[in-house]
Amino acid sequence: MKRKKVHHAPLRAPSPAHPHTRQVPLPWHCPKPAEEDPNAPHCLRAILDSPSYRQADQDIDYLNQDETRGLRLQLDYEKTELFLSRHGVRHTVVAFGSTRIPEPATARRRVERLLAQLDINPEDPELSRQLAVAERLEAKSHYYDIAHELGQLVGNSGSGPGDCRLLLMTGGGPGIMEAANRGAYDCGAKSIGLNINLPHEQFPNPYITPELCFRFHYFALRKLHFLLRTRALVAFPGGYGTLDELFETLTLIQTRKIKPVPVVLVGERFWRRAVDVDFLVDEGVIDEEDRDLFWYAETAPEIWNGILQWHEVNGTSLFTEACVPPPS
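Heads up, the sequence shown stops at 347 in this note's numbering, and the numbers go up one at a time, no gaps.
Here you go:
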């Protein structure tokens, strides 16, 4: 039995509306004209200029109030977390060290410049002091090369420079941190830099991967991200900032607030004088076992091989699942 053909009426649906524009403006698209009320433009201007009328997420003054500190803390955390997750970053090796230790050639030029100035003013005590400091920094400038080599070792780890499961992370500044980021950069690997907003402008070193360079408002959130993914902390000779991060990490490990991670102090001669751990043990203010929360190393291979050995003994891995690259 043949089915009867069903004849549909012609489609009468209207064309879709334009997503942005209208043919006829709505009443609120234009302000009340002065012809209707001479005071209307002035009143409207006062409303539009009022802080209350600013959209909340675009109102910097509102976001910077004491009452919105909780929002700022959350944003400081969430933005970095989002970007690192998008790039498939699972773990990090964190490198700290002085911003004042330059590459060897730069250190030598500083010494030569001061020597030339002293030839002109040999009795100037301040120039003599500056020269002595510059010579000490030049003596430590080989750490720049060690940090650079460490950055390369981390960058080439896993399946190579394109593997972002484990990345080098620094505080993003010059000196030792620049050297480590530069090592990763020179081998074609990504690396991370965590800058901090300071009263005096701070420029990140140029070797951080642009989409993985972050600037924090709060030191606390910056520190959280230093340790959230870390699989090792490597501390080169440094000052207050380096000591701050080192002791905070050691305290968290000592108290088991975080799972133990390898902590490597680069340059035993420097560190034994800067921090007399044996004295602290003898004085009874830390325990014997706390002396073993870190070890010393002198070269990049020593640092890297020590980290690998520590994780092997600990039964942990520097790597997890495969990296999912971000969309291009």
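We treat Cβ as the ideally placed atom computed from N, Cα and C, and that holds for glycine.
Pull up the distance between the alpha-carbon of residue i and that of residue j, whole angstroms please.
| i | j | result |
| --- | --- | --- |
| LEU231 | SER210 | 7 Å |
| VAL294 | LEU312 | 14 Å |
| MET188 | THR249 | 9 Å |
| HIS61 | LEU45 | 22 Å |
| GLU157 | HIS236 | 33 Å |
| TYR226 | PRO35 | 50 Å |
| ILE139 | ARG132 | 11 Å |
| ARG64 | HIS48 | 15 Å |
| THR318 | HIS161 | 10 Å |
| PRO57 | ASP80 | 32 Å |
| THR118 | TYR259 | 11 Å |
| LYS98 | ARG91 | 11 Å |
| ASN83 | THR261 | 29 Å |
| GLU168 | PRO320 | 8 Å |
| GLU302 | ALA135 | 47 Å |
| HIS110 | VAL173 | 11 Å |
| LYS51 | ARG41 | 19 Å |
| VAL253 | VAL108 | 19 Å |
| PHE289 | THR87 | 43 Å |
| ARG31 | ALA53 | 44 Å |
| LEU137 | THR228 | 41 Å |
| ASP85 | GLU55 | 43 Å |
| GLY325 | PRO141 | 47 Å |
| PRO273 | ILE305 | Sequence check: residue 273 is Gln here, not Pro. Going by the C-alpha atoms only, they are around 9 Å apart. |
| ILE66 | ALA59 | 11 Å |
Taking the CB atoms as reference points, tell me whether residue i and residue j lie closer together than 7 Å.
| i | j | result |
| --- | --- | --- |
| ALA124 | TYR163 | no |
| PRO256 | GLY286 | yes |
| SER178 | LEU185 | no |
| LEU264 | PHE115 | A quick correction: the sequence has Glu, not Leu, at residue 264. It is a contact, given that the beta carbons lie within the stated cut-off. |
| PRO180 | CYS206 | yes |
| VAL280 | ALA316 | no |
| GLN221 | GLY202 | no |
| ALA166 | ILE195 | yes |
| ASN214 | GLY191 | yes |
| ARG310 | VAL332 | no |
| ALA208 | VAL112 | no |
| ILE277 | LEU269 | no |
Run through the DSSP bridge pairs and tell me what residue i is partnered with.
| i | result |
| --- | --- |
| SER210 | LEU187 |
| VAL332 | None; VAL332 has no bridge partner. |
| TYR315 | LEU284 |
At the 7 Å Cβ level, is residue i part of the contact set with chain D, yes or no?
| i | result |
| --- | --- |
| GLN273 | You won't find chain D in this structure, because it holds only one protein chain. |
When every heavy atom of the ligand SAM is checked, does at least one fall within less than 6 Å of the C-beta of residue i?
| i | result |
| --- | --- |
| ALA75 | In terms of ligand content, the structure shown is empty, and the ligand SAM therefore cannot be addressed. |
Notebook entry, point to check: Is the region 59–78 touching the region 148–155, taking contact as three or more C-beta pairs under 8 Å?
Noted result: no
Margin query: Pairs of beta-carbons, one from the region 92–106 and one from the region 233–249, closer than 8 Å: are there three or more?
Written below: yes
Notebook entry, point to check: Do the region 131–149 and the region 51–70 meet, that is, are 3 or more Cβ pairs less than 8 Å apart?
Noted result: no
Notebook entry, point to check: Which ranges does the beta strand (DSSP E) cover as unbroken runs of at least 3 residues, wholly within the region 202–269, from first to last along the chain?
Noted result: 210–215, 232–235 and 249–254
Check: Of all the alpha helix (DSSP H) runs that stay within the bounds of the region 25–91, which reach a length of 4 or more residues?
Finding: 59–68 and 79–82
Next item on the list: Please go through the region 100–184 and give each complete beta strand (DSSP E) segment of 3 or more residues, from N-terminal end onward.
Entry: 110–115
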